[in-house]
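Participant:
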Amino acid sequence: MLGIGALISLASLAFAWASNGSLFTGYSRLADAGLNGSSFGAFDAEGGSWFAYIVLLGAVMQIATVLLVLSGRRRARMFNPDIAVVMSIAMVITVLGYLVANPSAASPDYSAGLGVFVALVGGLVSTVAGVVWIRSAPYGPRRPLRQRIGASQIVVASFAIGIAAVSMVSMWQLDERGGVVLTPALQAEIEEVKRKAEAGEMDVGVAATEIQVIRAKAQAVERIVITGQDPKGVQLGPWVFGAVIVAGVGAVGASGAAGFSNRRRWMSGVVAMGFGAGVVGLSLGFVGTLARATDNNYYSGVGAMLALIAGALAFFSARSIVTVFERSKVYEEVVP
């Protein structure tokens, strides 16, 4: 079933990811405003862009894990079933982030394409299948876990949550493209000058000079700062914060604070790593998409970088617990 979920995720890349506009480049590129009637594929800059590449990476890793496990060959730790579950959760968080992101006001008719929903289904199928797999898999720690609460997991998770909270109120988008703001009064003056020029009451050259003088009176908009929770932006800050909190709860479970059961600590650690990796994927998808297609002087902000750091800390908070688990050797009794 894990392989089926991965194949569904791969199939999502063949469908449109955006219709009647662009989710992220609608903010960063003026040329992408109002793309009604257009649809964009998974790898288009206006479509899935870096989010689609993250889905592709996750699906390929899952398929590789299934094939290597079935072959019985020695494999790197990253191709174990628990890491496949981490990737599945990360894909779900990343794709959901794409779905909950607020589109630009310049793309009022934007809607997510079919491919996004197919990718979400694929991620959910992989997650459920992976959880069932590791719940029944004969895995155990290669050395006994300490029967005491691990302070490091709790401390690192707390830092991750704090950074995610700061990320939410920090700058995610910075627009320094600038522009001229004409007040209604100044616009009325320009219209009056144009009327006089058309009526022959004012020389055309004089009228052009007069209009330039009026425009010079307008105030220049130097920079627009948009935070992670600003309604004028993508509003991914709260989603990142919520995901990191869940990862923090998983890290607390992995620390032994909820009990010293080896399997419970392992499963909790997988949850922490999965949600942390999902936040990393979401942050990379956002930053990468803006870097790929944007006007000059439009940037992703420090808030997105803080989100990436928070996700990375959440991922590593439980890694020391998860990576000590490996497949237990099971021997069949030989009856003479």
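Read in order, the letters of the sequence shown are residues 721 to 1056 in my numbering.
Every residue, glycine too, gets a C-beta built ideally from N, C-alpha and C.
1. Between the C-alpha atoms of residue 930 and residue 924, what's the straight-line distance to the nearest angstrom?
2. Let me make sure I understand the geometry here. Which of 1001, 805 and 832 has the alpha-carbon closest to that of residue 736?
3. From 864, 881, 978 and 732, pick the residue whose C-alpha is nearest to that of residue 703; which is it?
4. Of all the options 807, 893, 741 and 916, which has the alpha carbon lying nearest to the alpha carbon of residue 751?
5. Taking the alpha-carbon positions, what's the residue 990 to residue 844 distance?
6. So, is residue 1035 buried or exposed, given that buried needs 16 or more other C-beta atoms within 10 angstroms?
7. State buried or exposed for residue 846, treating a residue as buried only when at least 16 other CB atoms are found within 10 Å of its CB.
8. Can the beta-carbon of residue 877 be found closer than 8 Å to that of residue 1037?
9. So for residue 946, helix, strand or coil by DSSP?
10. Per the contact definition of three or more C-beta pairs closer than 8 Å, is the stretch 960-968 in contact with the stretch 876-892?
11. State the start and end residues of the unbroken alpha helix (DSSP H) segment that holds residue 1008.
12. Residue 838 to residue 1000, Cα distance in whole Å?
13. Does DSSP put residue 904 in a helix, in a strand, or in coil?
14. Taking residue 861 as part of the beta strand (DSSP E), name the residues at either end of that continuous run.
15. Are the stretch 804-816 and the stretch 996-1014 touching by the rule of at least three beta carbon pairs closer than 8 Å?
16. Tell me where the beta strand (DSSP E) around residue 840 begins and ends.
17. I need the boundaries of the alpha helix (DSSP H) containing residue 893, first residue and last residue.
18. Helix or strand or just coil, what does DSSP make of residue 1040?
Facilitator: Quick answer:
1. 10 Å
2. 832
3. With the chain covering only 721 through 1056, there is no way to say anything about residue 703.
4. 741
5. 15 Å
6. buried
7. buried
8. yes
9. strand
10. yes
11. 982-1012
12. 21 Å
13. helix
14. 859-861
15. yes
16. Counting along the chain, residue 840 falls outside any beta strand (DSSP E), though it belongs to the alpha helix (DSSP H) covering 834-856.
17. Careful: residue 893 lies outside any alpha helix (DSSP H), inside the beta strand (DSSP E) at 891-895.
18. helix
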